[in-house]
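Each residue of the sequence shown is one higher than the one before, counting from 6 in the working numbering. Take a look at the structure below.
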Amino acid sequence: MRGCLMPPVMRKLVDVAAAIGLTAGVVFVIIFANSFLTARGGSAHGFNTWMAFIQRPDILGTMILTALVTIGYVMWQQGHRPRG
Numbered sequence: 006m007r008g009c010l011m012p013p014v015m016r017k018l019v020d021v022a023a024a025i026g027l028t029a030g031v032v033f034v035i036i037f038a039n040s041f042l043t044a045r046g047g048s049a050h051g052f053n054t055w056m057a058f059i060q061r062p063d064i065l066g067t068m069i070l071t072a073l074v075t076i077g078y079v080m081w082q083q084g085h086r087p088r089g
């Protein structure tokens, strides 16, 4: 984000939110597409299945924890790279 001045922590939080959103989107595509392949498929059924899945606290916690660990690891790796 070149045109927007933000503190580094805020930038990392935006990265975490983007990772969570992308994960939720990928899961939506998988569940939604799968609903058309099952006998009781349809778009409403696929959306309802995704919504029930994505609202589970364990799923949300896993997505948030994965995004935080990934961003933390990338920050740690960038801090240990040789300059030059």
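Each residue gets a CB set at the ideal place from its N, CA and C atoms; glycine is no exception.
Neighbourhood of residue i by C-beta distance below 7 Å, restricted to the same chain and skipping five residues each side
i: T54; result: I36, S40
i: A72; result: V21, A24, I25
Three-way DSSP call (helix, strand, coil) for residue i in this model
i: T28; result: helix
i: H85; result: coil
i: T71; result: helix
i: R61; result: coil
Check whether residue i and residue j have beta carbons under 8 Å apart
i: I59; j: V32; result: yes
i: I100; j: K17; result: Any answer about residue 100 is impossible in this case: the structure gives the chain only from 6 up to 89.
Cβ neighbours of residue i in the same chain (closer than 8 Å, five flanking residues each side left out)
i: P12; result: none
Continuous alpha helix (DSSP H) stretch holding residue i: start and end
i: T43; result: First-last for T43: undefined, no H or E at that position.
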